[in-house]
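Per this note's numbering, the very first residue in the sequence shown carries number 194; after that it's consecutive. C-beta: ideal position from N, C-alpha, C; glycine also. These notes concern the structure reproduced below.
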Amino acid sequence: MMYEYPEMARDMVALIEKGVRPILKTQEAHEIMGEGAGDQTRFLDRVAEDAVFHYVKEKGIACTLVTEESGIKGEGDLTIILDPIDGTTNALTGIPFFSVSLAFWGERKYGFVKNLFTGDIYEAFEEGNPLKNGKTIHPDCTESIGCLYIGEGFWNVLPLIDAWRCLGSLALELSYVAAGNLMALVDLREKARIVDIGGAQIIAEAAGVKVTDERGKSPFEDGFFGRGEFTGKKVICALPELHEKILNALHG
194 MMYEYPEMAR DMVALIEKGV RPILKTQEAH EIMGEGAGDQ TRFLDRVAED
244 AVFHYVKEKG IACTLVTEES GIKGEGDLTI ILDPIDGTTN ALTGIPFFSV
294 SLAFWGERKY GFVKNLFTGD IYEAFEEGNP LKNGKTIHPD CTESIGCLYI
344 GEGFWNVLPL IDAWRCLGSL ALELSYVAAG NLMALVDLRE KARIVDIGGA
394 QIIAEAAGVK VTDERGKSPF EDGFFGRGEF TGKKVICALP ELHEKILNAL
444 HG
């Protein structure tokens, strides 16, 4: 069955926003509901995820849903990979940098990331035209700035870029690399999961950004889920020339 992925993504995100906005600044949003397949599940996460479950059920969409809180649910020719709130801690503490991340794997692959504070939308079909708010983006950052999360090899990578940041939403940070706001995203914690970067990876690769693990391999080529939880990976994201320098520094 053919689906209109961009329309579906926007419908899902509209429902997520409708559910989470009234509770963002409440104590209820912080409540721990249990352990999900990725991390602790907060009430905020549950409300956001339930909005998508309701949409899929109401529309009768036959799909496999891969979500941070519930793991893998359902089955169908279409796989939807979802992090309903990427950057939950930012959202709960009032830091304006959090997003919804969606990846659709069906007859084509499509990635969608929305910044829930600014409203900016990043999207692309695999090997298609990467867009921000409907306009083509290019990874042409002219400032020496990137995002780096500490792990083994941290000190070797540090000199390659002048200004490093940790912003707290991998989906948005990778989208920023695709759009030319950052030169690179380097996460050495071995914690990046398919739900975090599945959507943004499609967008970044459509823009010409290399997205690999520390070996230079596709991050999830060996699978993304096992033993009841998501597999965490190190992730290196940059244009090819800088990407090669980062890998060489890690192994130097």
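Please state the DSSP three-state secondary structure of residue i.
| i | result |
| --- | --- |
| D279 | strand |
| R408 | coil |
| G269 | coil |
| T286 | helix |
| F246 | helix |
| V240 | helix |
| G392 | helix |
| E251 | helix |
Just to confirm, does residue i get its C-beta within under 6 angstroms of one of the non-hydrogen atoms of the ligand GDP?
| i | result |
| --- | --- |
| K302 | Absent from the structure shown: the ligand GDP. Ligands present: none. |
What is the C-beta distance between residue i and residue j, in whole angstroms, given that I count them as a contact (C-beta under 8 angstroms)?
| i | j | result |
| --- | --- | --- |
| D204 | D276 | About 17 angstroms separates the two Cβ atoms, so there is no contact after all. |
| L258 | G346 | About 34 angstroms; that fails the 8 angstroms criterion. |
| R159 | L285 | Any question about residue 159 goes unanswered here, given that the chain covers just 194 to 445. |
| P153 | A385 | With the chain covering only 194 through 445, there is no way to say anything about residue 153. |
| C446 | N374 | Given a span of 194 to 445 for the chain in the structure shown, any question on residue 446 remains unanswerable. |
Rounded to the nearest angstrom, what separates residue i and residue j at their Cα positions?
| i | j | result |
| --- | --- | --- |
| G227 | E262 | 9 angstroms |
| R358 | T272 | 32 angstroms |
| V293 | A244 | 12 angstroms |
| Y198 | I274 | 12 angstroms |
| M376 | E398 | 14 angstroms |
| P289 | G280 | 9 angstroms |
| I278 | E221 | 16 angstroms |
| I387 | K218 | 28 angstroms |
Can you tell me where the beta strand (DSSP E) holding residue i begins and where it ends?
| i | result |
| --- | --- |
| Q233 | 233-235 |
| E224 | That residue, E224, is in no beta strand (DSSP E); it is neither H nor E in DSSP. |
| N308 | 302-308 |
| F297 | 292-298 |
| G339 | 338-342 |
With respect to the alpha helix (DSSP H) encompassing residue i, which residues constitute its N-terminal and C-terminal limits?
| i | result |
| --- | --- |
| R386 | Looking at the DSSP string, R386 is not in any alpha helix (DSSP H), and its letter there is neither H nor E. |
| S368 | 363-372 |
| I439 | 433-444 |
| K211 | 198-213 |
| F347 | 347-350 |
Taking 7 angstroms as the threshold (beta carbon to beta carbon), is residue i in contact with chain C?
| i | result |
| --- | --- |
| P199 | Note that chain C does not occur in the displayed structure, where there is just one protein chain. |
Is there contact here, the region 359-370 with the region 409-419, by at least three beta-carbon pairs under 8 angstroms? no
Stretch-stretch touch, CB-based, cutoff 8 angstroms, three pairs: the region 235-247 with the region 297-306: The answer is no - the region 297-306 does not touch the region 235-247, with fewer than three Cβ pairs under 8 angstroms.
Can you confirm whether the region 370-381 touches the region 421-432 when touching is taken to mean that 3 or more C-beta pairs between the two stretches lie within less than 8 angstroms? yes
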